[in-house]
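Undergrad: Mind having a look at this structure? Questions to follow.
There are 2 protein chains.
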Amino acid sequence: MVQIPKTPAPASSAPRSVPTSADVARLAGVSRATVSYVLNNTGAVRISEPTRRRVHEAARELGYVPHAAARSLRAGHSRTVLMPAPAFPVGPLYSRFIGELQWALGRLDYTVVQYGTTGPHGDEAARAWAELRPVAVLVPGSLGPRGVEILRRSGARAVVTFGPEPVEGAHALLMDHETVGHRAARHLHDRGRRRIGVVMPEEDGLEVFSAPRLEGARRAVDGTDATVTGLPLAYEERSAARLAARWRSLGLDAVFAYNDEYAMLLMRALQDEGVAVPAETALIGADDLMLGRLLRPRLSTVRLELPSGRDLAALVDRAVHDPGATPERHEVLGATVVHRESS
Amino acid sequence: MVQIPKTPAPASSAPRSVPTSADVARLAGVSRATVSYVLNNTGAVRISEPTRRRVHEAARELGYVPHAAARSLRAGHSRTVLMPAPAFPVGPLYSRFIGELQWALGRLDYTVVQYGTTGPHGDEAARAWAELRPVAVLVPGSLGPRGVEILRRSGARAVVTFGPEPVEGAHALLMDHETVGHRAARHLHDRGRRRIGVVMPEEDGLEVFSAPRLEGARRAVDGTDATVTGLPLAYEERSAARLAARWRSLGLDAVFAYNDEYAMLLMRALQDEGVAVPAETALIGADDLMLGRLLRPRLSTVRLELPSGRDLAALVDRAVHDPGATPERHEVLGATVVHRESS
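Chain order of the listed sequences is A and B. Mapped onto the UniProt record's numbering, the consecutive letters of the first sequence carry residue numbers 1 to 343. Mapped onto the UniProt record's numbering, the consecutive letters of the second sequence carry residue numbers 1 to 343.
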């Protein structure tokens with residue numbers, strides 16, 4: 001760990017005073033109301049171009065910027081869309097989705113802020129988010145109906161959850177992870193495999209995805225002579241080596257490895273143990289990461305598709321404009337098998 | 001792309017009114033000031049335990065939460081620490097650092113919000129951040145002295161940048177990426193290599209890291225008979241295959257691949273081209289990702305260390321309490337070579 005030494009505080013100079021809209025009004029020779037109209041872009045009042053310019057110049061000269069909080073207090077709500085950062089490790093697919101969503105909400109003149117991952121949980125978390133008076137909240141993962149209520153009561157016009165289950169009072173983007181497991185197991189079954197393992201990551205926060213994937217795999221082979229076995233695995237070499245060492249005793253001929261990263265870990269361990277992929281054990285991941293294409297054999301995968309950030313931004317905007325509307329529910333997770341060499 | 005259909009808006013019910021501190025005061029039978037003292041945890045005023053409890057119960061019953069913005073208007077500043085999300089793709093090392101930092105700031109009673117990656121740039125970005133009136137701003141990457149000034153003028157008591165260069169008026173966590181390249185090239189030179197390639201990612205936002213790494217590699221072999229050559233590479237298989245196809249004409253015997261992910265991409269392409277690693281070409285990455293240990297040969301790497309989130313949180317807290325203090329400067333990037341099989 002790199003240390004930051006604690007420096008003794010040097011003699012401090014007095015902090016300069018923060019310029020206010022009154023200062024801007026004085027310098028521009030206009031009223032405070034005019035400053036507010038110009039800088040907050042209120043379309044309701046017509047201000048001449050020279051006056052507008054004078055206000056902007058005075059603001060620039062003084063280094064004045066409007067106060068979003070004061071504005072939101074006046075307006076009764078903010079343009080802030082709050083997103084708690086997800087509690088699970090985020091892959092590139094999700095990062096891209098978030099980036100696109102922020103861009104699309106920015107185009108609709110919302111400010112997106114992400115709330116730290118660590119901190120309060122459950123209703124306490126909802127209360128902490130509510131203190132920021134967001135106009136909308138997008139929650140990856142779980143939130144109880146009571147949390148939704150807290151947010152709505154504090155003025156949030158829209159609460160949107162994304163997860164496997166809808167929550168009362170909130171719009172829901174339903175991510176059906178059963179389909180991911182179903183597609184993977186069906187593919188392995190179609191390739192003639194009958195004894196299918198499903199990797200269950202031991203890391204915190206992933207069970208909400210892995211449990212439905214296992215369930216989906218079970219459903220896929222329901223009524224056939226195939227079996228599905230859950231395989232706990234931690235994301236570390238030793239755990240993979242232990243699983244690989246007892247692989248032959250498990251009698252499996254295929255495995256859905258939860259995602260491409262666990263698949264890479266397991267493929268390496270199986271190969272080191274002399275288990276031939278795919279001859280002896282077929283292997284499929286999920287997420288369609290580039291690293292899957294770099295493995296030898298090239299990794300088969302389930303490609304996931306999240307909704308477009310633009311569509312989700314439009315949903316948020318709709319909900320903000322009609323806060324009393326019946327919550328919308330959408331299935332948003334697309335899943336297709338990309339067959340390469342490992343299965 | 002999964003489509004979210006646009007549903008026609010159903011008949012809307014009127015949104016409920018948002019409870020205020022006046023409602024809480026009425027229900028608890030106390031003054032609004034008392035409500036404010038209790039819920040904002042103001043230590044300055046003593047309130048009896050039964051009154052405190054009555055206020056909390058009334059707030060819970062009504063679903064009232066204090067308004068952070070109103071509180072910050074009264075206090076003259078907020079407890080919000082704003083972090084623009086970095087403009088470069090974030091790896092697990094950086095994610096962990098951010099997570100730890102948020103946790104440490106939360107313990108000091110700050111609220112950390114991340115501002116979207118996409119959106120305004122330069123001074124415009126600083127102005128957008130200033131609208132949220134953060135008490136401190138942590139900026140990964142670049143910010144001009146004018147941006148610092150805008151933030152300070154709007155009431156930010158501390159601006160902390162992390163990047164290769166200090167910025168006037170801001171505290172600086174200096175990340176010396178030259179050292180990363182220096183360590184990698186010195187290692188390769190020590191292993192007897194003399195014609196060293198350095199991968200330069202073609203992706204946006206990475207030049208701020210890759211250019212000093214190349215420079216550091218050059219410095220490492222300065223005055224020796226070794227040479228250093230920059231190798232542009234995009235993070236995609238075709239780009240790697242093209243580079244590998246002309247590898248032997250380059251006459252290199254070693255390569256520092258920018259980081260472990262580019263190293264994996266290049267190792268794969270070199271092996272497919274029949275170039276033996278490390279016999280013919282020694283290879284080293286950076287970041288010490290798990291995937292490096294999964295490659296065969298196992299990847300040598302430069303392990304980076306970022307400052308502890310706790311130390312950085314302490315710096316922020318110090319700076320908030322003494323906004324006139326001379327900006328601190330700290331070298332914070334640790335870099336050590338982890339020698340495995342590929343070099």
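For each residue, glycine too, the CB sits at the ideal point set by N, CA and C.
Determine the contact status of Val135(A) and Ala170(A), defining contact as a CB-CB distance below 9 Å.
TA: Contact: no.
Undergrad: Determine the closest residue to Ile284(B) out of Ala184(B), Thr20(B) and Pro307(B), with distance taken between C-alpha atoms.
TA: Ranking the options by Cα distance to Ile284(B), first place goes to Ala184(B).
Undergrad: Entirely within the stretch 81-147 of chain B and at least 3 residues each: give me those beta strand (DSSP E) ranges in chain order.
TA: Counting whole runs of 3 or more residues, the stretch 81-147 of chain B contains the beta strand (DSSP E) stretches 111-115 and 136-140.
Undergrad: Taking CB distances under 9 Å as the criterion, tell me whether Ile150(A) reaches chain B.
TA: For Ile150(A), the closest Cβ of chain B is nearer than 9 Å.
Undergrad: Compute the Euclidean distance between the alpha carbons of Ser31(B) and Thr51(B), then round it to the nearest angstrom.
TA: Straight-line Cα distance between these residues: approximately 11 Å.
Undergrad: Rounded to whole angstroms, how far is the Cβ of Met264(B) from the Cβ of Leu291(B), which I believe are closer than 8 Å?
TA: 6 Å
Undergrad: From Ala11(B) to Gln102(A), what does the alpha carbon distance come to, in whole angstroms?
TA: Any answer about Ala11(B) is weak, because its pLDDT of 42 lies below 50 and its placement is not dependable; what the coordinates show is given next. Whole-angstrom Cα-Cα distance: 29 Å.
Undergrad: If I'm right that Leu304(A) touches Gly324(A) with Cβ under 8 Å, what's the distance once you round it to whole angstroms?
TA: Wrong, their Cβ atoms sit about 33 Å apart, outside the cutoff.
Undergrad: Name the one or two DSSP bridge partners that Phe209(B) has.
TA: In the DSSP output, where bridge partners are listed per residue, Phe209(B) has none listed.
Undergrad: Going along the chain, which residues of its own chain have a beta-carbon closer than 8 Å to the beta-carbon of Thr281(B), five neighbours each way excluded?
TA: By the criterion of a C-beta distance shorter than 8 Å, Thr281(B) is surrounded in its chain by Trp247, Leu252, Asp253, Ala254, Val255, Leu270 and Val275, once the five residues flanking it on both sides are discounted.
Undergrad: Need the endpoints of the beta strand (DSSP E) that Ser300(B) sits in, please.
TA: Ser300 to Glu305
Undergrad: Check for me: the beta strand (DSSP E) holding Val337(B) runs from which residue to which?
TA: The continuous beta strand (DSSP E) containing Val337(B) extends over residues Gly334 to Val338.
Undergrad: So, using beta-carbon positions, are Glu168(A) and Arg213(A) closer together than 9 Å?
TA: no
Undergrad: Are the stretch 95-109 of chain B and the stretch 126-135 of chain B in contact at 8 Å, needing three or more beta carbon pairs?
TA: No: the two stretches stay apart, fewer than three of their Cβ pairs being nearer than 8 Å.
Undergrad: Please go through the same chain and pick out, in chain order, the residues whose beta-carbon is closer than 8 Å to the beta-carbon of Asp260(A), but skip the five residues on each side of it.
TA: Gly285, Ala286, Asp287, Asp288, Leu289, Leu291, Gly292, Leu299 and Thr301
Undergrad: Looking at C-beta atoms only, is the number of pairs between the stretch 150-160 of chain B and the stretch 57-67 of chain A that lie closer than 8 Å three or more?
TA: When C-beta atoms of the stretch 150-160 of chain B are compared with those of the stretch 57-67 of chain A, three or more pairs fall below 8 Å, so the two segments count as touching.
Undergrad: Could you pull out every residue in the same chain whose Cβ sits closer than 7 Å to the Cβ of Pro232(A), ignoring the five residues on either side in sequence?
TA: Correct list, in chain order: Met200 and Glu202.
Undergrad: Straight-line CA distance for Gly122(A) to Gly99(B)?
TA: If you draw a straight line from the Cα of Gly122(A) to the Cα of Gly99(B), it comes to about 19 Å.
Undergrad: If you compare alpha carbons, which of Gly163(B), Ala245(B) and Gly197(B) is closest to Glu207(B)?
TA: Gly163(B)
Undergrad: Under 9 Å between C-beta atoms, does Ala14(B) make it to chain A?
TA: Because Ala14(B) sits at a pLDDT of 42, beneath the cut-off of 50, its placement in the model cannot be relied upon, and the following sentence gives the value as read from the coordinates. Judged by the 9 Å Cβ criterion, Ala14(B) is in contact with chain A.
Undergrad: For Gly63(B), which residues in chain A fall below 8 Å Cβ to Cβ?
TA: From the beta-carbon of Gly63(B), the residues of chain A found nearer than 8 Å are Glu149, Ile150, Arg153 and Ser154.
Undergrad: Let me see if you follow: with CB-CB separation under 9 Å, is Met200(B) close to chain A or not?
TA: So no, Met200(B) is outside the interface.
Undergrad: Am I right that Thr111(B) and Arg79(B) are in contact with their C-beta atoms under 8 Å? What's the rounded C-beta distance?
TA: 6 Å
Undergrad: Kindly say whether Ala170(A), judged by its beta-carbon, lies nearer than 9 Å to any beta-carbon of chain B.
TA: no
Undergrad: So which residues of chain A does Leu132(B) contact, with C-beta pairs closer than 7 Å?
TA: Ala68
Undergrad: Using the DSSP secondary-structure output, state which residues sit across from Met200(A) in a beta bridge.
TA: Pro232(A).
Undergrad: Within the same chain, show all residues whose beta-carbon is closer than 6 Å to that of Thr336(A), passing over the 5 residues directly before and after it, in chain order.
TA: Sequence-distant Cβ neighbours of Thr336(A) in its own chain, meaning closer than 6 Å and more than five residues away, are Arg303.
Undergrad: Which class does Val255(B) belong to by DSSP, given the choice of helix, strand or coil?
TA: Val255(B): strand per DSSP, three-state reduction.
Undergrad: Could you work out which residues of chain A lie near Val18(B), taking near to mean beta carbons separated by less than 7 Å?
TA: Arg153, Ser154 and Gly155
Undergrad: Leaving aside the five residues before and after Ala240(B) along the sequence, list all residues of the same chain whose C-beta is less than 6 Å from its C-beta, in chain order.
TA: Leu265, Leu266 and Ala269
Undergrad: CB Ala172(A) to CB Val198(A), shorter than 9 Å?
TA: no
Undergrad: Within 10 Å of its beta-carbon, does Asp311(A) have 16 or more other beta-carbons around it, so buried, or fewer, so exposed?
TA: Classification for Asp311(A): buried.
Undergrad: Could you check which residue in Ala313(B), Leu295(B), Glu331(B) and Val316(B) has the C-alpha nearest to that of Arg340(B)?
TA: Among Ala313(B), Leu295(B), Glu331(B) and Val316(B), the Cα nearest to that of Arg340(B) is on Leu295(B).
Undergrad: DSSP three-state label for Val275(B), please.
TA: If DSSP states are grouped into helix, strand and coil, Val275(B) belongs with coil.
Undergrad: Hey, is Glu178(B)'s beta-carbon within less than 9 Å of any beta-carbon in chain A?
TA: no
Undergrad: Going by DSSP, name the residue or residues bridged to Thr161(A).
TA: Val139(A) and Ala172(A)
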